[in-house]
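Enquirer: First the structure, which I've put down as structure tokens, then a few questions once you've had a look.
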Amino acid sequence: MSTKDWAEKDYYKILGVSKDAKPEEIKKAFRTIARDNHPDSHPGDKSAEARFKEASEANDVLSNAKKRKEYDQARSLFGSAGGFRFPRGGAQTNVNVEDFLRTASNGDGFGDLFGNLFGASGGRRTASRSPRRGADVEGETTISFDDAVSGTTVTMDLVSQAPCQACRGTGARAGTVPRVCSTCQGSGMHASSVGGVFEMSEPCPDCHGRGMVVEDPCQVCHGSGRAKSTKSMQIRIPAGVEDGQRIRIKGKGSPGENGGKAGDLYVKVAVRSHEIFGRDGHNLTVTVPVTFPEAALGAEVEVPTLTGTTVRLRIPAGTPNGRTFRVRGRGVPRSDGSRGDLLATVEITVPENLDDNARYAVERLRDAIRQDSPRPWEVK
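Taking the numbering used here, the leading residue of the sequence shown gets 6, the next gets one more, and so forth.
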């Protein structure tokens, strides 16, 4: 997530909460939006899908205390219009955030931001050989409904950028070394004026911020010093993960440069549908077909659970179609170790074919009940 994205998106507005909303308020707001706009409930509805993804992104930031703090700092610095508020003579001068942040790193915070921007006026600029954080890596995996509920471990082949093995990250052909850039004197930064208001540092145009110039490029990485690296990794998917959820695995992204820490790995999880069960948050849902006599007279029926066992459910006499019963503790595990519930919804089945005896019996039942029409527009 770039700082520009944080500066332009109002995550509080997306979730419909105030800026001082408590974590439980944010969680509740996201669950409501996710329930009403989940792609499984609105197949083919692009608007609902976009709303769901937008809310997921907002929840990912605001539900994390560290990310939320950085987001609030970014909003206070750059405002909602993407312009940096810089006072001059009592007025505000807006500078386009794209230009302003060209040298901002993709690290965890903004600690180095002003050191990069005002290095020329504040003294010695940061050297180009300082540690640089590795890039984040994104991957996707598809798991079964059962594994999403109970948790599982998957093997993923991840492709990321790593130091080139042929030149050991220098970018120069074996046996040669890069030379110090004469334009920036090895600093990797070039000072330029923005509208005459202040001096800003940006990557040197000749060495592209590396501080070194490769005159005889490595034939493998063509002078970049980086090459694609593929590695297999065991990823633990926690119990209760939902379809479309992104899992962050810290430090498992691309390696850093010059001793910098590695980026993070983000795994997007897709969950296959189940032929019997559905999900509503931490609750499992199941449709239980019953006959008309069972619904009218009452009965006890067996209801399946995800573990393969069954529970006995008592259907009271006169149960209407669509009524939902709750079986406690038979749902999806929560992070605190408790479980959601199993929601069993009754669906009354109607026989497709009746022989003469059956038809006669139903007609006698109809005459015996003498039930008024259930359609309100037909009631006199």
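We treat Cβ as the ideally placed atom computed from N, Cα and C, and that holds for glycine. What you are looking at is a predicted structure, and each value in this text was computed from that prediction instead of being measured.
Please return the same chain residues whose Cβ sits closer than 8 Å to the Cβ of residue 306, not counting the five positions on each side in sequence.
Expert: Excluding sequence neighbours, residue 306 sits near 293, 295, 299, 317, 318, 320.
Enquirer: So, residue 261 versus residue 184, is the Cβ gap smaller than 9 Å?
Expert: No, these two residues do not count as a Cβ contact at 9 Å.
Enquirer: In the DSSP output, what is residue 1 paired with across the bridge?
Expert: Nothing can be reported for residue 1, as the shown portion of the chain is limited to 6 through 385.
Enquirer: When you compare each of 196, 169, 216 to residue 229 by their alpha carbons, which one comes out closest?
Expert: Cα-wise, what sits closest to residue 229 is 169.
Enquirer: Ordered along the chain, which non-local residues of its own chain (more than five positions away) have a Cβ less than 7 Å from that of residue 34?
Expert: If we look at residue 34 and ignore the five residues flanking it on each side, its Cβ neighbours are 20, 21, 22.
Enquirer: By Cβ distance below 6 Å, which residues in the same chain neighbour residue 128 in space, the five residues on each side in sequence not counted?
Expert: Because the pLDDT at residue 128 is just 40, under 50, the model does not fix this residue reliably, and the point stays unresolved.
Enquirer: Alpha carbon to alpha carbon, how far is residue 211 from residue 153?
Expert: Rounded to the nearest angstrom, the two C-alpha atoms are 50 Å apart.
Enquirer: Just list the residues that DSSP pairs residue 270 with in beta bridges.
Expert: Note: residue 270 sits in a beta bridge opposite 142, 254.
Enquirer: With H, G and I counted as helix, E and B as strand and the rest as coil, what does DSSP make of residue 285?
Expert: Of the three classes helix, strand and coil, the one that applies to residue 285 here is strand, per DSSP.
Enquirer: Do residue 27 and residue 77 have their C-beta atoms closer together than 9 Å?
Expert: In this structure, residue 77 does not lie closer than 9 Å to residue 27 by Cβ.
Enquirer: Give the DSSP-derived three-state secondary structure of residue 218 in the structure shown.
Expert: It is a strand residue.
Enquirer: Can residue 273 and residue 144 be called in contact, C-beta distance under 9 Å?
Expert: Cβ atoms of residue 273 and residue 144: closer than 9 Å.
Enquirer: For a quick check, are the C-beta atoms of residue 308 and residue 291 less than 9 Å apart?
Expert: In contact: residue 308 and residue 291 (Cβ atoms closer than 9 Å).
Enquirer: Return the chain-ordered list of same chain residues with a C-beta closer than 7 Å to the C-beta of residue 330, the five sequence neighbours on each side being excluded.
Expert: 318, 349.
Enquirer: Spatial neighbours of residue 257 within its chain, please: CB distance less than 6 Å, with the 5 preceding and 5 following residues excluded, ordered by chain position.
Expert: Excluding sequence neighbours, residue 257 sits near 270.
Enquirer: Taking the straight line between their C-alpha atoms, what separation do you get for residue 207 and residue 79?
Expert: The straight-line gap from Cα to Cα measures roughly 20 Å.
Enquirer: With 16 as the cutoff for other CB atoms within 10 Å, does residue 371 come out buried or exposed?
Expert: Burial call: exposed.
Enquirer: On the three-state DSSP scale, how would you describe residue 298?
Expert: Here residue 298 sits in helix by DSSP.
Enquirer: Let me know the secondary structure DSSP gives residue 318 once reduced to three states.
Expert: Reduced to three states, the DSSP call for residue 318 is strand.
Enquirer: Tell me where the beta strand (DSSP E) around residue 232 begins and ends.
Expert: From DSSP, the beta strand (DSSP E) with residue 232 extends over 231-242.
Enquirer: Is it buried or exposed, residue 333, if we count other Cβ atoms within 10 angstroms and call 16 or more buried?
Expert: By the neighbour-count rule (16 or more Cβ atoms within 10 Å), residue 333 is not buried but exposed.
Enquirer: Which of the three DSSP states, helix, strand or coil, is assigned to residue 357?
Expert: Three-state DSSP puts residue 357 in coil, outside helix and strand.
Enquirer: Within the continuous alpha helix (DSSP H) that includes residue 37, where are the two ends?
Expert: Here the alpha helix (DSSP H) through residue 37 covers 28-42.
Enquirer: Starting from residue 331, trace the beta strand (DSSP E) in both directions and tell me its first and last residue.
Expert: Where residue 331 is concerned, the enclosing beta strand (DSSP E) stretches over 329-332.
Enquirer: Take residue 158 and list the residues in its own chain whose beta-carbon comes closer than 8 Å to its own, dropping the five residues that flank it on each side.
Expert: So the list reads 239, 240, 241, 242, once near-sequence residues are dropped.
Enquirer: Pull up the CB-CB distance for residue 223 and residue 176, whole angstroms please, since I reckon it's below 8 Å.
Expert: With a Cβ gap of about 6 Å, residue 223 and residue 176 count as contacting.
Enquirer: What three-state label does DSSP hand residue 171 in the structure shown?
Expert: Residue 171: coil per DSSP, three-state reduction.
Enquirer: Determine, using beta carbons only, whether residue 156 and residue 245 come nearer to each other than 9 Å.
Expert: Yes. Within cutoff.
Enquirer: Looking only at its chain, what residues have a beta carbon closer than 7 Å to the beta carbon of residue 253, apart from the 5 residues adjacent to it on each side?
Expert: The residues are 269, 271.
Enquirer: Just confirm the distance between the C-beta atoms of residue 172 and residue 217, as a whole number of angstroms; I'd bet it's less than 8 Å.
Expert: Wrong, their Cβ atoms sit about 12 Å apart, outside the cutoff.
Enquirer: If we ignore side chains and look at the alpha-carbon of each, how far apart do residue 1 and residue 209 end up?
Expert: It is not possible to answer for residue 1, since the shown part of the chain is limited to 6 through 385.
Enquirer: Starting from residue 304, trace the beta strand (DSSP E) in both directions and tell me its first and last residue.
Expert: Counting along the chain, the beta strand (DSSP E) containing residue 304 begins and ends at 304-309.
Enquirer: Tell me whether residue 67 is buried or exposed, calling it buried when 16 or more other Cβ atoms sit within 10 Å of its Cβ.
Expert: Label assigned to residue 67: buried.
Enquirer: Measuring straight from C-alpha to C-alpha, what distance separates residue 379 and residue 297?
Expert: Using only the alpha carbons, I get a separation of about 16 Å.
Enquirer: Beta-carbon within less than 8 Å of residue 181's beta-carbon, same chain only, minus the 5 sequence neighbours each way: which residues are those?
Expert: Excluding positions up to five away in sequence, the list reads 220, 221.
Enquirer: With C-beta atoms as the reference, is residue 249 less than 9 Å away from residue 61?
Expert: Yes.
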